[in-house]
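Visitor: Quick note on this note's numbering: the sequence shown kicks off at 644 and runs consecutively. Yeah, the Cβ is synthetic: ideal placement off N, Cα and C, and Gly gets one too. Computed from a predicted structure; not experimentally measured. Before I ask anything, here is the structure I am working with.
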Amino acid sequence: MALKIEEKFTSGISKGSFEYTNMAYAARYYNMDKMIIKFIEEHKISNIVLLGIGLETAYDRITQKCGLGEVNYYGIDLPEVIEIRKKYFGKRKQETLIAGDMFEMEWKDQIDTSIPTLLIVSGVFQYFFEDKIIEFIKNLKKEFPYGELIFDTPRKKTGLRFANWYIRRTGNLEALMHFYIEDSVDFSKKTDTILVEELAFFKDARELLRKKLNFITKLFMKIADYKRQALIIHLKW
Numbered sequence: 644m645a646l647k648i649e650e651k652f653t654s655g656i657s658k659g660s661f662e663y664t665n666m667a668y669a670a671r672y673y674n675m676d677k678m679i680i681k682f683i684e685e686h687k688i689s690n691i692v693l694l695g696i697g698l699e700t701a702y703d704r705i706t707q708k709c710g711l712g713e714v715n716y717y718g719i720d721l722p723e724v725i726e727i728r729k730k731y732f733g734k735r736k737q738e739t740l741i742a743g744d745m746f747e748m749e750w751k752d753q754i755d756t757s758i759p760t761l762l763i764v765s766g767v768f769q770y771f772f773e774d775k776i777i778e779f780i781k782n783l784k785k786e787f788p789y790g791e792l793i794f795d796t797p798r799k800k801t802g803l804r805f806a807n808w809y810i811r812r813t814g815n816l817e818a819l820m821h822f823y824i825e826d827s828v829d830f831s832k833k834t835d836t837i838l839v840e841e842l843a844f845f846k847d848a849r850e851l852l853r854k855k856l857n858f859i860t861k862l863f864m865k866i867a868d869y870k871r872q873a874l875i876i877h878l879k880w
């Protein structure tokens with residue numbers, strides 16, 4: 644009997660873990676899209692720069708809702724990633740793909756830095772250490788005088804441990820995370836920026852999907868929001 648109960652419970656955990664992971668991705672995109680749309684509505688003529696773009700589909704989601712307008716879209720990633728992206732997405736209006744290391748900053752030379760620019764880093768900072776991130780944000784501030792930045796991050800070591808626990812479950816030990824924010828206001832001081840917003844991941848998702856998710860997923864989402872373990876940070880300068 645004990646074995647049957649354990650099997651049933653761990654099966655639920657496994658299913659919930661998979662669903663929770665998917666919800667974390669979806670909630671991140673949902674919240675960042677709202678921030679991007681708000682920025683476009685406020686500034687009209689602007690740049691949207693996706694750093695570490697991968698196969699991100701923000702361009703499609705945002706232009707479907709807002710149209711092309713007078714927004715320039717840029718995607719920066721390593722050369723091999725950009726080649727794959729070009730193969731599958733092709734050339735699109737008002738979108739420029741730039742191959743290079745985002746931390747090296749050479750990509751900035753292809754962008755008009757004299758207009759408002761929103762820089763988005765989604766699912767990238769976590770894999771680097773704080774010193775590198777702080778230096779990078781200071782470089783962004785130097786090169787983009789009308790810039791703002793949004794990124795996602797675990798909060799405190801508890802959030803980082805929670806994220807790495809999930810990663811270990813997949814067996815992908817090379818993808819363990821290092822970066823987290825202890826205090827958002829303190830981090831904004833370290834980077835000499837202004838904290839615009841600190842947003843918990845799942846507030847809207849828990850309300851919109853409360854009847855469609857399994858118990859384990861809802862529990863993990865509630866804990867993550869209550870302890871503010873997963874955040875989206877919006878900085879400006």
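1. What residue range does the beta strand (DSSP E) around L740 cover?
2. Under 8 Å between the Cβ atoms of I763 and R728?
3. Judging by CA-CA distance, which residue of F822, A843, T756 is the nearest neighbour of D868?
4. Can you find at least 3 beta carbon pairs, one from the region 740-754 and one from the region 848-866, that sit closer than 8 Å?
5. In the DSSP assignment, find the unbroken alpha helix (DSSP H) run with V828 in it and report its ends.
6. CB-CB under 7 Å to K708, same chain, minus the five flanking residues each way: which ones, in chain order?
7. Alpha helix (DSSP H) containing V724: first to last residue?
8. To the nearest angstrom, how far is it from the Cα of K879 to the Cα of D829?
9. Tell whether a beta-carbon distance below 8 Å holds between E662 and L856.
10. Can you tell me where the alpha helix (DSSP H) holding N782 begins and where it ends?
11. Quick check on the burial criterion: 16 or more other C-beta atoms within 10 angstroms. Buried or exposed for L721?
12. Can you list, in chain order, the residues of its chain with a C-beta nearer than 7 Å to that of N782? Leave out the 5 residues immediately preceding and following it.
13. Return the CA-CA distance between K861 and E840, expressed in angstroms with no decimal places.
14. If I'm right that S765 touches E699 with Cβ under 8 Å, what's the distance once you round it to whole angstroms?
15. Nearest to A670 by CA position, among I719, D795, F682, is which residue?
16. Quick check: the Cα distance between E713 and E738, rounded to an integer number of angstroms?
17. Which stretch, first to last residue, makes up the alpha helix (DSSP H) that contains F794?
18. When DSSP labels each residue in this structure, what does H686 get in the three-state scheme?
19. Quick one, which of R735, K775, E685 has its alpha-carbon nearest D703's?
20. Which class does N857 belong to by DSSP, given the choice of helix, strand or coil?
Guide: In brief:
1. 738-742
2. no
3. A843
4. no
5. 827-833
6. I680
7. 722-732
8. 14 Å
9. yes
10. 773-786
11. exposed
12. M748
13. 24 Å
14. 7 Å
15. D795
16. 11 Å
17. No alpha helix (DSSP H) holds F794; the beta strand (DSSP E) holding it covers 790-797.
18. helix
19. R735
20. coil
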